[in-house]
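When we follow the numbering used here, the leftmost residue of the sequence shown carries the number 790, and every step to the right adds one.
Ideal Cβ positions, reconstructed from N, Cα and C, are used throughout, including at glycine.
Since this is a predicted model, take the numbers as computed values, not measurements.
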Amino acid sequence: EQTICYEIITKDINHMVELISSKNNVIDGKFHFIQGKAGVGKTEFAKKLMCYCFSIGGIALGCAATALAATIYIDYGFETTHSLFKIPVNIDNDKDENDIECKLDEESQRERNELLNQTALIIWDECCSNHSKIFESVKNSKFGFKNTVVICLGSYEQILPILNNNPTKKDILNSCLCKSLNWNLFHKHSFTKNKRIIVNIIIIENKNAQEEFEIFINALSCNNNLLNGVN
């Protein structure tokens, strides 16, 4: 599946797959952060890397900041970040966000710990929307991401962590993973080429002038319908 499910893949995505899947990285336990705007191929990269891990007999798990983001990977068994790492959801507005603590060390989570300890790869999508204390809590647990490659995907140009109790701009920025003391553990990478544009160029290049015009009109019509639906 990981060799045939994506016919169009950019060079930077291919390079990252080869980098992470080589040199025994699957058992070295390294952290990577992939930065990129919408459309650059972060989702395709995550799926391809998970398929590679499956193909060599490894266990790969995935999570996302929200349930909506997790549904993008419905065929890969993604959970929310809180669910995967057993972090209680804060429903008390008076509770301090700094009190975030995962429950992996509790006896009731023995099976989840056994699973995580056998996991070679964890994909963490939309990590920029999660409070840095979540990562720190898991890192400080007995599991601690030992012998696991952790791939965090996201963009700080999108949604930042949401805090309660009228936070200041400084409070919000300080809650980001890039402000954590663990940020220096990450190898930082960027995807810059918009995969959606590349796909459209390839489609159009294989058409004559009349077909190119029809593609343009159809795309314009779809955009107008989307805007009308939003309005």
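request  = Pick out whichever of K958, K968, S930 and T957 has its Cα sitting closest to the Cα of C916.
outcome  = Of K958, K968, S930 and T957, the residue nearest in Cα terms is K968.
The segment 822-836 in contact with the segment 939-955 per 3-pair CB rule at 8 Å = As far as the Cβ criterion goes, the segment 822-836 touches the segment 939-955, which means the pair count is three or higher.
inquiry  = What does DSSP give as the partner residue(s) for L824 in the beta ladder?
reply    = Before going further, note that residue 824 is Gln rather than Leu in the sequence given. Beta-bridge pairing links Q824 to G943 and S979.
inquiry  = With a threshold of 8 Å, are at least 3 pairs of Cβ atoms found where one atom belongs to the segment 836-844 and the other to the segment 892-899?
reply    = Cβ pair count under 8 Å is below three, so no.
ask   = Per DSSP, E868 forms a beta bridge with which residues?
value = Within the DSSP secondary-structure output, E868 pairs in a beta bridge with C852.
request  = Tell me, to the nearest whole angstrom, how far the beta carbon of H920 is from that of I948; I am working on the premise that it is less than 8 Å.
outcome  = That pair is no contact at about 12 Å.
request  = Have a look at L808 and N963 and give me their C-alpha separation to the nearest angstrom.
outcome  = The alpha-carbon of L808 is positioned some 31 Å away from that of N963.
inquiry  = Can you tell me whether E878 is helix, strand or coil according to DSSP?
reply    = At residue 878 the sequence reads Val, which differs from the Glu that was named. Secondary structure of V878 (DSSP, three-state): coil.
query = Measuring CA to CA, which of Y945, I863, S926 and P956 is closest to L970?
reply = Just measuring C-alpha positions, the residue of Y945, I863, S926 and P956 sitting nearest L970 is S926.
key: Closest Cα partner of K935 within the set K922, A909, K959 and Y945   = Looking only at K922, A909, K959 and Y945, the smallest Cα-Cα distance to K935 is reached by A909.
message = As a quick exercise: from M805, A859 and G830, pick the residue whose alpha carbon is nearest that of L873.
response = Residue A859 holds the alpha-carbon nearest to the alpha-carbon of L873 among M805, A859 and G830.
query = Name the DSSP beta bridge partners of W913, please?
reply = Within the DSSP secondary-structure output, W913 pairs in a beta bridge with C852 and C941.
query = Cα separation between F980 and A827?
reply = Cα-Cα distance, rounded: 10 Å.
query = In three-state terms, what does DSSP make of H804?
reply = Helix, per DSSP.
query = Can you find a heavy atom of the ligand HEM that lies under 6 Å from the Cβ of N955?
reply = This structure does not include the ligand HEM; it has no bound ligands of any sort.
request  = Alpha carbon to alpha carbon, how far is S844 from C891? Give it in angstroms, no decimals.
outcome  = C891 and S844 have their C-alpha atoms spaced approximately 31 Å apart.
key: Contact set for F867: own chain, Cβ-Cβ below 7 Å, skip 5 residues either direction   = Cβ within range, chain order: G851, C852, A853 and A859.
request  = Keeping to the same chain, check which residues put their C-beta closer than 8 Å to that of L904; ignore five residues upstream and five downstream.
outcome  = Within the same chain, I848 and L850 come within 8 Å of L904 by CB-CB distance, once the 5 residues on both sides are set aside.
ask   = Using the rule of at least 16 other Cβ atoms within 10 Å of the residue's Cβ for burial, across every protein chain shown, is D914 buried or exposed?
value = Classification for D914: buried.
request  = Using only alpha-carbon positions, find the residue among T957, H804, V878 and T832 that is nearest to I861.
outcome  = When each option's Cα is compared against that of I861, the closest is T832.
ask   = Could you check where the alpha helix (DSSP H) with K968 kicks off and where it finishes?
value = Taken as a continuous stretch (DSSP letters only), K968 belongs to no alpha helix (DSSP H), as it is neither H nor E.
query = Expressed to the nearest angstrom, what Euclidean distance is found between the alpha-carbon atoms of L952 and I911?
reply = If you take the alpha carbons of L952 and I911, they lie about 25 Å apart.
request  = With DSSP as the reference, label E895 as helix, strand or coil.
outcome  = Three-state result, E895: coil.
Span of the alpha helix (DSSP H) around V927 = Counting along the chain, the alpha helix (DSSP H) containing V927 begins and ends at S921 to K928.
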